[in-house]
Amino acid sequence: MTKVKSTSLGSSRSKSSKTSGTVDRVTLPDLEEMELISHGERAQTYKARWQGRDVVLKKCDVWNEGSVAEELKNEASVYQKLQTLQGRYIPKLLLAGVADGVEMVLVTEFVGTDVNQDLLDDSAQVKIQEAMSAIHELGVLHGDIRPENIVMQNHGSNAKFYFVDFGLSHFTEDKAELLEETENLNSLVRSMSSA
Ligand SMILES: Nc1ncnc2c1ncn2[C@@H]1O[C@H](COP(=O)(O)OP(=O)(O)OP(=O)(O)O)[C@@H](O)[C@H]1O
Ligand SMILES: [Mg+2]
């Protein structure tokens, strides 16, 4: 597969490194049953069926939405960096790259619904904190901790939690920066607790 070098992204902090990498040229996926999930100032996000499974497609126009495309390239590099966590704490990345030279696309496995409206019990809080620390251990600061970016699969004791949306993430060795994000997450999950 042809690779093109992506531009660098990320924070300018000294111990933080810009993510970088290569972006594949891909064929536009043949998605069915596309349903818009969100289209704000960032990528357009759809739920769809692809190759027999539910997926999420994030996409944007490379030429007219350059900064959004950079975020999606950044997100693709972070998915690669967190490869060992895919399917466990973050969705599996199925496809990422530039399709037909015009659209940046990123397809992940659909893993559930966001926790925005949910009350989180103690075990949910612990599972979410575990997912965050696994991400931090691999040197990734999420950068956009919000209930909309935490997705829940199943309920009760079978519940699993995934972080999504790594568009604003960066690589870092700065423990204080990671700790600050952990503390933000802890206050968020406490504020969403049923207690
Ligand atoms: N793999 C996934 N499985 C299930 N839902 C997902 C997945 N990826 C994203 N979503 C849902 O789609 C929403 C939008 O995705 P994401 O946050 O990655 O896009 P975004 O362009 O950054 O949007 P926003 O600006 O709203 O944060 C998420 O809040 C989440 O609810
Ligand atoms: Mg988001």
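Going from the sequence shown to our numbering is simple: count from 1 and add 247. Glycine residues also receive a C-beta, built at the ideal position from the N, C-alpha and C atoms.
Residue side-chain check: residue 326 keeps its Cβ at 8 Å or more from all non-hydrogen atoms of ligand 1. In this structure, 380 is the residue among 380, 274, 384 with its C-alpha nearest to the C-alpha of residue 432. If you draw a 10 Å sphere on the C-beta of residue 434, you find fewer than 16 other C-beta atoms in it, and that means exposed. For residue 372, same chain residues with a beta-carbon under 6 Å away, outside a window of 5 residues either side, are 436 in chain order.
The DSSP-derived three-state label of residue 345 is strand. Residue pairing by DSSP places residue 294 opposite 282, 303 in a beta bridge. About 7 Å separates the Cβ atoms of residue 328 and residue 418, confirming a contact at the 8 Å cut-off. Straight-line measurement puts the Cα of residue 326 at about 16 Å from the Cα of residue 345.
Where residue 397 is concerned, there is no enclosing alpha helix (DSSP H), although the beta strand (DSSP E) around it starts and stops at 397-400. Note that the segment 308-319 does not touch the segment 357-364; fewer than 3 beta-carbon pairs, one per stretch, sit closer than 8 Å.
Here residue 427 is exposed. Its C-beta has fewer than 16 other C-beta atoms within 10 Å.
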